[in-house]
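These notes concern the structure reproduced below.
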Amino acid sequence: MTIRQEDVLAWIKTYAGIIAENKEYLTQLDAAIGDADHGANMNRGFQAVVGKMPEMADKDIGTILKTVGMTLLSTVGGAGGPLYGTLFLQAGMKSVGKMELTLEDWATMLDAAVSGVVMRGKAELGDKTMVDALTPAVQALKQACEAGLDIPTALKNSATAAQEGMQKTIPLVARKGRASYLGERSAGHQDPGSTSSYFLIKTAADTWGKA
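Letter 49 of the sequence shown, counting from 1, is numbered 544 in my numbering, and no numbers are missing.
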């Protein structure tokens, strides 16, 4: 079993729908510790991505992901644009010319994507950012590859790890971004960036995990 080019397109389109459905929820999370715009910004960006999907229909996976990244950079405001744009651009660079992916390919792509986000945002695990959901997701994928697990199981493990990472942001005191201005008052709130990142990983599991 592999992840095909049409599966990647389906993942992106489905994620755009998930963001649209949850934009108010993401904005509520962001209102507590940020600028109250994460949901609206992400939705604007991914609706722009959906608008470009017809021209991506016959492209390789690397081109698709780089197109998503560039679109997000140009349309998403706040910190989300550069960070999500970087995530997709880095993943795209690791999948140039590919029309299908193995589990190892996906693990390598996501690892590069998260490294790009860390470099761009200067955030580490425990800083109460999207990195807190993405890093465990990558670790779970690597472990699944080493254990020889099938794609559906590996993706499910990755999504579970991302969910746990997202939930762990609740008690944390933010050390990066607008939330860090609140100091101790940022504790007790779930990070919106880790939430949208969890949705991204879970959507991949739900879309690609049908063995």
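Where a beta carbon is used, it is the ideal one built from N, C-alpha and C, also for glycine.
Small disclaimer: the values here were computed from a predicted structure and weren't measured.
> Helix or strand or just coil, what does DSSP make of Glu619?
Replying inline: Start at 1 with the first residue of the sequence shown, and residue 619 comes out as number 124. In the displayed model, Glu619 falls within coil according to three-state DSSP, outside both helix and strand.
> Hey, quick one: how far does the alpha helix (DSSP H) through Thr581 stretch, first residue to last?
Replying inline: In the sequence shown, residue 581 corresponds to position 86, counting from 1. Annotation for Thr581: the continuous alpha helix (DSSP H) segment containing it runs Gly575 to Met588.
>> What does the alpha-carbon distance come out to for the pair Glu595 and Ile556?
In response: Counting from 1 along the sequence shown, the entry for residue 595 is found at position 100. Counting from 1 along the sequence shown, the entry for residue 556 is found at position 61. Using only the alpha carbons, I get a separation of about 7 Å.
> Taking the continuous alpha helix (DSSP H) assigned at Gly660, which residues delimit it?
Replying inline: To locate residue 660, count along the sequence shown from 1; it is residue 165. The continuous alpha helix (DSSP H) containing Gly660 extends over residues Ile646 to Lys663.
> Can you list, in chain order, the residues of its chain whose CB lies under 8 Å from that of Lys651, leaving out five sequence neighbours each side?
Replying inline: Position 156 of the sequence shown holds residue 651. Closer than 8 Å at Cβ, skipping near neighbours: Ala700 and Gly704.
> Taking Cβ to Cβ, would you say Ser692 is nearer than 8 Å to Ala656?
Replying inline: The residue labelled residue 692 in the question sits at position 197 within the sequence shown. The residue labelled residue 656 in the question sits at position 161 within the sequence shown. Not a contact, by the Cβ cut-off of 8 Å.
>> Rounded to the nearest angstrom, what separates Gly512 and Gly540 at their Cα positions?
In response: Residue 512 sits at position 17 when you count from the first residue of the sequence shown. Residue 540 sits at position 45 when you count from the first residue of the sequence shown. If you take the alpha carbons of Gly512 and Gly540, they lie about 12 Å apart.
> Residue range of the alpha helix (DSSP H) that His533 falls in?
Replying inline: Here residue 533 refers to the residue found at position 38 of the sequence shown. Counting along the chain, the unbroken alpha helix (DSSP H) around His533 starts and ends at His533 to Gly546.
> Can you tell me the Cα-Cα spacing of Leu567 and Met537, whole angstroms?
Replying inline: Numbered from its first residue, the sequence shown carries residue 567 at position 72. Numbered from its first residue, the sequence shown carries residue 537 at position 42. One C-alpha to the other measures close to 8 Å.
> Which residue from Ala654, Glu516 and Glu679 puts its Cα closest to that of Ile665?
Replying inline: Looking up residue 665 in the sequence shown gives position 170. Checking every option, the nearest Cα to that of Ile665 belongs to Glu679.
> Relative to the alpha-carbon of His684, which residue among Val609, Thr648 and Leu524 has its alpha-carbon at the smallest distance?
Replying inline: Residue 684 sits at position 189 when you count from the first residue of the sequence shown. It is Leu524 whose Cα lies nearest to the Cα of His684.
> On the three-state DSSP scale, how would you describe Arg499?
Replying inline: Taking the first residue of the sequence shown as position 1, residue 499 is located at position 4. Strand, per DSSP.
>> Whole angstroms are fine: how far does the CA of His533 sit from the CA of Thr648?
In response: Along the sequence shown, one-based indexing puts residue 648 at 153. Along the sequence shown, one-based indexing puts residue 533 at 38. The straight-line gap from Cα to Cα measures roughly 30 Å.
> Under a Cβ-count criterion, where at least 16 other Cβ atoms within 10 Å of its own Cβ denotes burial, should Met661 be classed as buried or exposed?
Replying inline: As a working note, residue 661 is residue 166 in the sequence shown. Within 10 angstroms of the beta-carbon of Met661 lie 16 or more other beta-carbons, which makes it buried.
> If we count the other Cβ atoms within 10 Å of its Cβ and call it buried at 16 or more, is Val571 buried or exposed?
Replying inline: Sequence index remark: in the sequence shown, residue 571 carries index 76 (1-based). A buried status is given to Val571, since no fewer than 16 other beta-carbon atoms sit within 10 Å of its beta-carbon.
>> For Glu619 and Asp627, what's the separation of their Cα atoms in angstroms?
In response: Here residue 619 refers to the residue found at position 124 when the sequence shown is read from its first residue. Here residue 627 refers to the residue found at position 132 when the sequence shown is read from its first residue. Distance between the alpha carbons of Glu619 and Asp627: 8 Å.
>> For His533, would you say it is in contact with chain B, using Cβ-to-Cβ distances shorter than 8 Å as the test?
In response: Considering every chain present, this structure includes no chain B. It has just one protein chain.
>> Quick check on Ala706: buried or exposed, where buried means 16 or more other Cβ atoms within 10 Å of its Cβ?
In response: Taking the sequence shown and counting its residues from 1, the one referred to as residue 706 is at position 211. Residue placement at Ala706 is flagged as unreliable, the pLDDT there being 47, under the threshold of 50; a coordinate-derived value is accordingly withheld.
> Would you report the Cα separation of Val503 and Ala608, rounded to the nearest angstrom?
Replying inline: The count along the sequence shown starts at 1 and reaches residue 503 at position 8. The count along the sequence shown starts at 1 and reaches residue 608 at position 113. Those two C-alpha atoms are separated by around 15 Å.
> To which residues of the same chain is Val591 closer than 6 Å at the C-beta, ignoring the five residues directly before and after it?
Replying inline: On the sequence shown, position 96 is the one that residue 591 refers to. Excluding positions up to five away in sequence, the list reads Gly557.
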